[in-house]
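Heads up: the sequence shown runs through residues 3 to 82, numbered per the numbering used here.
Let me begin by presenting the structure, written as structure tokens, before commenting on it.
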Amino acid sequence: MLLRLIAPLEIKEYEVEWCEITTEYGSRTIFSGHAPMILVIKPGSMLRFGAQDTSLGEELIGQGIAHITRTTLTILRSIL
């Protein structure tokens with residue numbers, strides 16, 4: 003699954019197996035093939051993901067919105 007992090011000054015892309023997103027209502031783990039949806043990310047939360055080479059990654063999200071499709075996860079986030 004393609005994880006795309008979009009901020010005003012940069013775009014980062016990762017190939018990931020899974021991604022954990024924290025919302026105001028709790029955490030959600032997203033895998034490839036997940037049902038399409040849009041989520042509001044809890045301000046100041048950490049985005050955690052597992053890359054295809056089994057390494058783990060984290061990104062701090064100031065404020066953001068996640069757009070999930072069956073093959074991509076796009077996160078629009080603010081400047082930290």
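Quick reminder that beta carbons are idealized off the backbone N, C-alpha and C, glycines included.
Span of the beta strand (DSSP E) holding residue i?
i: W26; result: Trp is not the amino acid found at residue 26; the sequence shown has Glu there. Here E26 belongs to no beta strand (DSSP E), and DSSP marks it neither H nor E.
i: T74; result: 74 to 79
i: M3; result: M3 -> no beta strand (DSSP E), and no H or E assigned at all.
i: I69; result: In the sequence under discussion, the amino acid at residue 69 is His, which differs from the Ile named in the question. Where H69 is concerned, the enclosing beta strand (DSSP E) stretches over 66 to 70.
i: A37; result: Premise fails: A37 is in no beta strand (DSSP E) and is neither H nor E.
i: S57; result: Neither: S57 is in no beta strand (DSSP E) and is coded neither H nor E.
Using CA coordinates, which residue listed in the options is at the minimum distance from residue i?
i: I43; options: L5, I77, L4, I8; result: I77
i: A68; options: G59, L58, E22; result: E22
i: I81; options: I70, L62, T71, L75; result: L62
How would you call residue i, buried or exposed, if buried means at least 16 neighbouring beta carbons within 10 angstroms?
i: M48; result: exposed
i: I13; result: exposed
i: L75; result: buried
Rounded to the nearest angstrom, how far is the Cβ of residue i from that of residue j, given a contact under 8 angstroms?
i: A53; j: E17; result: 7 angstroms
i: R79; j: G66; result: 4 angstroms
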